[in-house]
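Before any comments, here is the structure.
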Amino acid sequence: PKRITKVCCVGAGYVGGPTSAVMAIKNPQIQVTVVDYDAKRIAAWQSDNLPIFEPGLLGVVKPARDGIPNNRAPNLFFSTDVDRCIAEAELILLSVNTPTKMLGQGAGHASELCYLESAVRKIGEVAESSKIIVEKSTVPCRAAETLRDVLRATGKPGVDFEILSNPEFLAEGTAIQNLLEPDRVLIGSLNTPQGLEAARALAAIYTSWVDAERIITINLYSSELAKLAANALLAQRISSINALSAMCEAVGADIDEVSFAVGLDKRIGSRMLKASVGFGGSCFRKDILSLAYIAESLHLFEVAEYWRSVININEYQKDRFTRRIVRCLFNSLSNKSLAILGFAYKKNTGDTRETAAITVINNLLAEGANVRVYDPQVKESQIRRDLEGSSASPHLVRDKLTVWSSTYEACAGADAVVILTEWDEFSNKSAAAAAAGDHVQDARNGARTEEEAANGPMSWKRVSQIMRKPMYVFDGRNVVDPAPLEALGFRVESVGKSRSGS
Ligand code: NAD
Ligand code: UDX
Numbered sequence: 026p027k028r029i030t031k032v033c034c035v036g037a038g039y040v041g042g043p044t045s046a047v048m049a050i051k052n053p054q055i056q057v058t059v060v061d062y063d064a065k066r067i068a069a070w071q072s073d074n075l076p077i078f079e080p081g082l083l084g085v086v087k088p089a090r091d092g093i094p095n096n097r098a099p100n101l102f103f104s105t106d107v108d109r110c111i112a113e114a115e116l117i118l119l120s121v122n123t124p125t126k127m128l129g130q131g132a133g134h135a136s137e138l139c140y141l142e143s144a145v146r147k148i149g150e151v152a153e154s155s156k157i158i159v160e161k162s163t164v165p166c167r168a169a170e171t172l173r174d175v176l177r178a179t180g181k182p183g184v185d186f187e188i189l190s191n192p193e194f195l196a197e198g199t200a201i202q203n204l205l206e207p208d209r210v211l212i213g214s215l216n217t218p219q220g221l222e223a224a225r226a227l228a229a230i231y232t233s234w235v236d237a238e239r240i241i242t243i244n245l246y247s248s249e250l251a252k253l254a255a256n257a258l259l260a261q262r263i264s265s266i267n268a269l270s271a272m273c274e275a276v277g278a279d280i281d282e283v284s285f286a287v288g289l290d291k292r293i294g295s296r297m298l299k300a301s302v303g304f305g306g307s308c309f310r311k312d313i314l315s316l317a318y319i320a321e322s323l324h325l326f327e328v329a330e331y332w333r334s335v336i337n338i339n340e341y342q343k344d345r346f347t348r349r350i351v352r353c354l355f356n357s358l359s360n361k362s363l364a365i366l367g368f369a370y371k372k373n374t375g376d377t378r379e380t381a382a383i384t385v386i387n388n389l390l391a392e393g394a395n396v397r398v399y400d401p402q403v404k405e406s407q408i409r410r411d412l413e414g415s416s417a418s419p420h421l422v423r424d425k426l427t428v429w430s431s432t433y434e435a436c437a438g439a440d441a442v443v444i445l446t447e448w449d450e451f452s453n454k455s456a457a458a459a460a461a462g463d464h465v466q467d468a469r470n471g472a473r474t475e476e477e478a479a480n481g482p483m484s485w486k487r488v489s490q491i492m493r494k495p496m497y498v499f500d501g502r503n504v505v506d507p508a509p510l511e512a513l514g515f516r517v518e519s520v521g522k523s524r525s526g527s
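If you're matching positions, the sequence shown starts at 26 in UniProt numbering and goes up one per residue.
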């Protein structure tokens, strides 16, 4: 295949940055430049203060400065010079955002493709030589056709463009690991000699570190749809288990035990079956909305309704969690303080897009509660922006919400602790059990003393001494083992479990 020597990645975000860093390390012979028109973001990539928090990321992108050695591959660059980098590249990865459309037809459902279109118009305008263009962003089915149309109309004569789909499957918090050891790399192309040739050129880049049998080449439109399908199926598993968690609470079953039991069936598998306060993140909701919108525009109304129900259960789960808090706290949150532990949509990221915390906290504020938030990675300014931007009464956020820099400050004087992100420091389980998600085992081993179990990375004992009584823990992530906390005087409410003894 054609040997690529220069790659340009458009979009220096959660996908573009880490993907390009790994691609560059594994292909020292290829110059990889990440471009973004957001100069602040590019400057942050050049500093020790990266624009995103991701374990292991600094280890691969930290730039050399003041004689301190480089972690960054010498062939990896970040730049705002979009035109030049596009013009020089032979292969262009499009990693721009494709959020839910906010305006006009399909608002609140369809994917907004304006960022992708503008990147492609730029390519048409500045390209002097033929290029392979790769959709890394998640896109609706047949988006490649639209891009091809734009390029045909804007490209210079004699300059050819081949469009590939190469969706990204990394999950935040484990991005580097996922990129280094992907389950599969999907490359979709047209079934033409030029399309297949371009797919081979892209595959050659991945074979530097991914086994050939994990690199799957399929039809362009299958590849686009496979990405939406993967996210829809993953989210569907979480909504299924969350729907069952409501039944567990009602009948006295334990969702972690149910999940463990069904997950042992190899056809089901154990992953993505953890009950929670609800899934968040920039992808699941947006991609299911997009899938449902596409189905609807194809007049497949039952299909659209099926996928939307995954989102409906997620909304229900977030509201159900809040209702339970209100019910347990004697049906009134007026004059009560709630400590919120965790704001990010999952652990090991500072990302707050679509986090369940936004819905839950707004609900609690609307009930009159004082809310005291702590998250180890999310800045106060971000928390305020997210809540004020989504609240029906932003003044409640200003008047009743405080943000703290430790668990103990957040919990001081609180009536309840509400765990919304599964950060390791909030757990009182052994690290091994928590990492394995092996709650059933953990509960039955009983090897640790109560004192040990009550003192995980944060001291629950210390928390018990600074809270107002009666003290509650609402565990939206099932990261605490209730028994040792109950011994300290807490009343513990976990998702999909009825309180021990009740
Ligand atoms: P992001 O918002 O973090 O980054 C996108 C970047 O693109 C921004 O910095 C923005 O300034 C830049 N950009 C937009 N239009 C541009 C243009 N015309 N020229 C130059 N720069 C431009 O988004 P993200 O989370 O990295 O997601 C990117 C895509 O990857 C989305 O389609 C998303 O669905 C998909 N995806 C995301 C994840 C994830 O975990 N975040 C995982 C898999 C796939
Ligand atoms: C997801 C997909 O996993 C990834 O393949 C895709 O590329 C982007 O979207 P991400 O959103 O980063 O990745 O994280 P993921 O681990 O999938 O978690 C999404 C949400 O579901 C989080 O809020 C998480 O806490 C929640 N979740 C996850 C559960 O509630 N239960 C689970 O069992 C797993």
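Built from N, CA and C at the ideal position, the CB exists for glycine as well.
Measuring only from the beta carbon, is residue i closer than 8 Å to any heavy atom that is part of the ligand UDX?
i	result
residue 316	no
residue 523	no
Classify residue i as helix, strand or coil using the three-state DSSP reduction.
i	result
residue 495	coil
residue 125	strand
residue 323	coil
residue 104	strand
residue 527	The pLDDT assigned to residue 527 is 49, lower than 50, so where the model puts this residue is not dependable; a value taken from the coordinates is nonetheless given after this. Three-state result, residue 527: coil.
residue 274	helix
residue 141	helix
residue 203	helix
residue 59	strand
residue 355	coil
residue 366	strand
residue 296	coil
residue 518	strand
residue 487	helix
residue 513	coil
residue 361	coil
residue 244	strand
Check whether the Cβ atoms of residue i and residue j sit closer than 9 Å, and answer yes or no.
i	j	result
residue 163	residue 244	no
residue 207	residue 161	no
residue 75	residue 38	no
residue 435	residue 364	yes
residue 499	residue 422	no
residue 489	residue 505	no
residue 179	residue 149	yes
residue 454	residue 273	no
residue 366	residue 389	no
residue 249	residue 222	no
residue 362	residue 397	yes
Within 8 Å: the Cβ of residue i and any heavy atom of the ligand NAD?
i	result
residue 163	yes
residue 486	no
residue 104	no
residue 120	yes
residue 344	no
residue 123	yes
residue 38	yes
residue 143	yes
residue 60	yes
residue 6	Residue numbering for the chain in the displayed model covers 26 to 527; residue 6 lies beyond these limits and cannot be assessed.
residue 140	yes
residue 108	no
residue 411	no
residue 31	no
residue 403	no
residue 41	yes
Starting from residue i and walking both ways along the beta strand (DSSP E), at which residues does that stretch end?
i	result
residue 33	31-35
residue 45	Residue 45 -> not in any beta strand (DSSP E); alpha helix (DSSP H) instead, spanning 41-51.
residue 282	Here residue 282 belongs to no beta strand (DSSP E); instead the alpha helix (DSSP H) covers 280-288.
residue 442	441-444
residue 213	210-214
residue 187	186-190
residue 422	Premise fails: residue 422 lies in the alpha helix (DSSP H), 419-425, not in any beta strand (DSSP E).
residue 77	First-last for residue 77: undefined, no H or E at that position.
residue 398	395-399
residue 160	156-160
Terminal residues of the continuous alpha helix (DSSP H) containing residue i?
i	result
residue 384	381-391
residue 112	107-113
residue 433	432-436
residue 65	64-70
residue 175	168-179
Is there a Cβ from chain C that is less than 9 Å from the Cβ of residue i?
i	result
residue 425	Chain labels in this structure do not include chain C; a single protein chain is all it has.
Q. Going along the chain, which residues put their C-beta within less than 5 Å of some heavy atom in the ligand UDX?
A. Selection output, chain order preserved: 194, 196, 197, 263, 297, 299, 301, 304, 305, 306, 308, 370 and 371.
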